[in-house]
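Counting in numbering that gives the first Met the number 0, the sequence shown runs from 0 upward without gaps.
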Amino acid sequence: MTLLLLLGAPLLAAVPPPDYRAALLSGVEAEADALLAQGELDAAEGLVRDFRAQVADDPRLVYEAGLIANLQGKPRDAERLYRQALDQDAGMAFAWYDLGGLLLAQGDLAQARDAFIKASDASEDHPKGWAAPLQLALIAARDQDPIALERWLREGIRRGLRFRDIAGHPEWTEVLRDPTLGEVLKRLIVVYGEESLLQQWQ
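#1: Which ranges does the alpha helix (DSSP H) cover as unbroken runs of at least 4 residues, wholly within the region 110 to 194, from first to last along the chain?
#2: Quick check: the Cα distance between residue 143 and residue 25, rounded to an integer number of angstroms?
#3: What residue range does the alpha helix (DSSP H) around residue 252 cover?
#4: Between residue 118 and the ligand SAH, is the CB less than 7 angstroms from at least one heavy atom?
#5: Is it buried or exposed for residue 170, if we count other Cβ within 10 angstroms and need 16 for buried?
#6: For residue 54, does the three-state DSSP call read helix, strand or coil?
#7: Rounded to whole angstroms, how far is the Cβ of residue 101 from the Cβ of residue 67, which I believe are closer than 8 angstroms?
#8: Apart from the five residues on each side of it in sequence, which residues of its chain come closer than 6 angstroms, Cβ to Cβ, to residue 162?
#9: Roughly how many angstroms lie between the CA atoms of residue 159 and residue 140, to the nearest whole one?
#10: So what does DSSP say about residue 89, is it helix, strand or coil?
#11: Could you work out which residue in 146, 109, 88, 154 is closest to residue 131 when comparing CA atoms only?
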């Protein structure tokens, strides 16, 4: 479905009412995500750009543009767009999370930590609200901070994380093998009843 068919020509000249605008935004997001799933990055970029220019802009679409830029291998553009989206809506957990991922990839642990903390604060009730605490636990491991590692792992577990979700992952295998950090991880695995994982994850 093209943008023109989705909107209808008369709508291009007017700002849609709030309820209809929300429906249009959701439709464009869904279509852009479908294009991304098909690897059609340029088409997704054009769809979002045209909607923002011709119909209505929204922090969700600014974030979507950042996501597309990130997938296109344009981290600077992605970071700029994520920050722009967050300037408009500071409660967008997924934008904080993706910004944290970019900053972490750049080696900026301090700013990445701040972004993931904001993502954690904004996603406590989300079904995957454990994701940001898990990233914060990894940052704590990089910092060789066993206290923060335990704190964030416990927070992730409180939100639904299970150690089987991370068992065997290279970064967590490295943590498990660390003399100090590994003791924290092993103890929590036992405390939370997943001791059988240790037999297959050494």
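C-beta atoms are modelled at their ideal positions from N, C-alpha and C, and glycine is treated no differently.
According to the structure shown:
#1: 130 to 141, 145 to 157, 169 to 176, 180 to 190
#2: On the sequence shown, residue 143 is found 144 positions in, with the first residue counted as 1. On the sequence shown, residue 25 is found 26 positions in, with the first residue counted as 1. Roughly 42 angstroms separates the two Cα atoms.
#3: No information on residue 252 is available, as it lies outside the stretch 0 to 201 that the chain covers here.
#4: This structure does not include the ligand SAH; it has no bound ligands of any sort.
#5: In the sequence shown, the residue the question calls residue 170 occupies position 171. With fewer than 16 other Cβ atoms within 10 Å, it is exposed.
#6: Start at 1 with the first residue of the sequence shown, and residue 54 comes out as number 55. Note: residue 54 maps to coil in three-state DSSP.
#7: Taking the first residue of the sequence shown as position 1, residue 101 is located at position 102. Taking the first residue of the sequence shown as position 1, residue 67 is located at position 68. 14 angstroms between Cβ atoms; not a contact.
#8: What you label residue 162 is simply residue 163 of the sequence shown in a count that begins at 1. 188, 193, 196, listed in sequence order.
#9: Here residue 159 is taken as the residue at index 160 of the sequence shown, counted from 1. Here residue 140 is taken as the residue at index 141 of the sequence shown, counted from 1. The straight-line gap from Cα to Cα measures roughly 20 angstroms.
#10: For the purposes of this step, residue 89 is taken as residue 90 along the sequence shown, with counting starting at 1. Note: residue 89 maps to coil in three-state DSSP.
#11: For the purposes of this step, residue 131 is taken as the residue at position 132 of the sequence shown. Answer by Cα proximity: 154.
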